[in-house]
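K.L.:
Residue numbers (our numbering): 15 to 669.
#1: What's the call for residue 522, buried or exposed, on a 16-neighbour Cβ count within 10 Å?
#2: Please list, in chain order, all residues of the same chain as residue 227 whose beta carbon is under 7 angstroms from its beta carbon, the five residues on each side excluded.
#3: Look at the alpha carbon of residue 84 and the alpha carbon of residue 77, and state the distance between them as a whole number of angstroms.
#4: Counting along the chain, where does the alpha helix (DSSP H) carrying residue 178 start and finish?
#5: Applying the criterion that 16 or more other CB atoms from any shown protein chain within 10 Å of the CB defines a buried residue, is residue 217 buried or exposed?
#6: Take residue 587 and list the residues in its own chain whose beta-carbon comes closer than 6 angstroms to its own, dropping the five residues that flank it on each side.
#7: For residue 151, which residues from the same chain have a beta carbon less than 7 angstroms from its beta carbon, with the 5 sequence-adjacent residues on both sides left out?
#8: Quick check on this structure: which residue in 264, 516 and 506 has the alpha carbon closest to the alpha carbon of residue 360?
#9: In the structure shown, what three-state DSSP assignment does residue 399 receive?
#10: Can you check DSSP and say which residues form a bridge with residue 525?
#11: Between which two residues does the beta strand (DSSP E) carrying residue 557 extend?
#12: Nearest-angstrom Cα distance between residue 637 and residue 139?
#13: Would residue 487 and residue 625 be called neighbours here (beta carbons separated by less than 8 angstroms)?
#14: Taking only runs that begin and end inside the segment 97-156, name each unbroken alpha helix (DSSP H) of 4 or more residues, in chain order.
#15: Between the C-alpha atoms of residue 293 and residue 498, what's the straight-line distance to the nearest angstrom?
#16: For residue 485 and residue 414, I'd like the C-alpha separation in whole angstroms.
#17: In whole angstroms, what is the alpha-carbon distance linking residue 313 and residue 426?
#18: Suppose contacts are defined by Cβ-Cβ distances below 8 angstroms. Is residue 595 in contact with residue 468 by that definition?
#19: Can you tell me where the alpha helix (DSSP H) with residue 223 in it begins and where it stops?
#20: To the nearest angstrom, report how far apart residue 250 and residue 266 are at their CA atoms.
#21: Return the Cβ separation of residue 584 and residue 243 in integer angstroms, given the expectation that the two are a contact with Cβ distance under 8 angstroms.
#22: With distance defined between alpha-carbon atoms, name the residue in 271, 317, 495 and 326 nearest to residue 371.
#23: Specify whether the segment 524-535 and the segment 141-150 touch according to this definition: at least 3 beta carbon pairs, one from each stretch, less than 8 angstroms apart.
#24: Quick one, are the C-beta atoms of residue 656 and residue 456 less than 8 angstroms apart?
#25: Check whether the segment 568-582 and the segment 372-390 touch, using three or more Cβ-Cβ pairs below 8 angstroms as the test.
#26: What does a CB cutoff of less than 6 angstroms around residue 231 pick up in its chain, not counting 5 residues either side in sequence?
Rendered as structure tokens:
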């Protein structure tokens with residue numbers, strides 16, 4: 015199947031009105047009549063019974079023996095599908111969520127788990143996908159990853175077993191794998207009810223599995239919808255050698271593994287521990303779990319969703335995955351919110367369900383509903399205020415080199431197009447975070463160096479991934495670096511540092527699809543949780559200076575010697591508005607986001623050899639325009655108010 019590149023154009027308003035009116039007056043009976051008349055429908059309608067849907071379970075042979083019991087692992091796939099198409103001789107496409115969380119931790123804002131009846135058939139399938147899409151002619155399949163819930167095998171955290179768990183089910187749906195009617199029996203079953211066209215969806219670990227399965231190039235996987243997904247597991251645990259605060263993959267495996275699996279999986283746990291030393295060195299374990307390198311194999315289209323303030327699965331994951339997919343011409347679409355680790359169902363529910371419905375209709379049913387001609391990107395610019403971008407990043411985006419320079423006060427410098435000389439120094443203080451640095455951005459403090467533009471005379475948009483190249487001389491044999499970009503100016507933003515990461519859950523419910531006694535289609539409503547701030551940190555990156563030469567092996571630093579390292583900052587799409595300042599902060603340990611080094615070095619930064627390359631829409635000319643005419647004055651000293659420091663909790667890449 016050839017790669018497909020999305021070319022986006024604005025859909026004419028008149029055409030959009032016709033589509034809306036047509037959908038409004040097209041009843042389920044009329045939709046079926048359109049099919050019989052040979053006209054291509056534009057929207058799947060809820061014409062099938064959810065109450066009488068077929069609910070069944072199969073165990074798919076993965077061909078992999080992760081628990082080393084001498085038998086191939088079988089993974090459980092619970093299926094909800096409409097009964098009528100099979101009786102009519104029609105085959106249906108599949109929406110699939112492969113997850114380790116269906117029994118241990120739950121899915122969605124209400125932490126739903128699978129429930130079963132006395133015969134072992136699924137009663138409640140978490141989330142709304144089955145309630146909404148089964149009546150519209152789709153099957154929904156919920157797969158328990160190996161080592162979880164009712165599946166054999168061991169959890170290997172994004173490795174071969176994890177990915178094969180889900181890929182094997184796609185193969186079975188397309189007639190290339192064997193499934194059984196029970197976990198240990200010999201009676202086989204075929205998926206004669208499906209045409210094999212499969213779309214994978216899920217949030218976090220589930221999204222990660224979708225990325226990984228797509229990177230195998232498996233036939234039959236038509237599209238994936240990864241929400242806050244990991245693209246390289248190394249980048250979940252480390253930032254260019256700097257250990258992040260989430261622990262290690264063996265801990266994560268232990269959190270989700272079923273009680274039945276734990277006694278058989280000690281060898282896998284040891285392999286995870288041995289292959290992921292907290293030194294930050296890249297090992298073969300991480301190579302196996304890097305999906306970005308295999309982007310060329312991706313056949314499926316990708317509808318990517320991420321919160322731009324996600325400090326769990328950080329936005330570097332979507333940035334590098336998106337860029338790799340673009341390089342290989344993969345059809346793609348993207349939503350970027352102001353939230354943290356939050357599902358779009360909980361911050362833009364109506365628009366999300368409608369867009370997802372049209373996406374699956376287009377990608378799995380082949381309906382020409384125009385979604386492929388709509389803008390590529392939806393971006394939340396302010397809480398509940400969204401804009402679109404025809405392509406993302408915009409075609410006029412250019413990497414623009416900005417240079418820090420000393421100011422009239424030590425530690426409070428300037429940021430501009432011209433390279434400058436001089437130095438800046440700071441001493442690592444692991445008790446402080448990016449919120450502390452930004453709060454004191456206009457005041458000299460010993461733990462950071464800050465650099466600000468003059469107040470902007472025009473809006474300045476950054477769209478994509480930034481880098482900051484730092485040349486620094488440490489006083490000790492180990493040192494960590496942080497670089498953050500800050501929008502300095504008053505605003506109201508989603509409170510991403512709150513425990514719910516930008517939403518408030520209400521008591522009333524809204525319904526999406528059909529319900530049964532055991533599986534409600536009604537979910538608690540939410541609203542934006544906002545806060546007023548004087549600044550917004552909108553991109554950040556971290557590194558261990560000892561890995562300046564290679565991620566493969568960190569080395570002790572020589573005190574007094576200068577080292578140069580380029581930090582990869584998280585992808586974003588942010589507008590610094592007129593009247594605000596753009597700022598760069600360079601510092602050491604970012605409290606609760608990276609672990610501190612074994613020492614507390616002072617680092618002297620050579621400003622003549624330090625550069626920030628930012629993805630500016632309009633490039634250098636846009637920056638020159640935005641900073642022209644403004645008075646080049648030092649900001650007034652004072653304490654700026656931002657979000658609270660994000661809580662120091664160990665995350666799961668989960669719900």
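For every residue, glycine included, the Cβ atom is placed at its ideal position computed from N, Cα and C.
P.N.:
Looking at the atomic coordinates:
#1: exposed
#2: 177, 180, 181, 184, 214 and 235
#3: 11 angstroms
#4: 174-187
#5: buried
#6: 350, 393 and 477
#7: 58, 62, 96, 99 and 106
#8: 516
#9: strand
#10: 536
#11: 544-558
#12: 50 angstroms
#13: no
#14: 98-101 and 143-147
#15: 23 angstroms
#16: 19 angstroms
#17: 49 angstroms
#18: yes
#19: 219-228
#20: 12 angstroms
#21: About 15 angstroms; that fails the 8 angstroms criterion.
#22: 317
#23: yes
#24: no
#25: no
#26: 311 and 313
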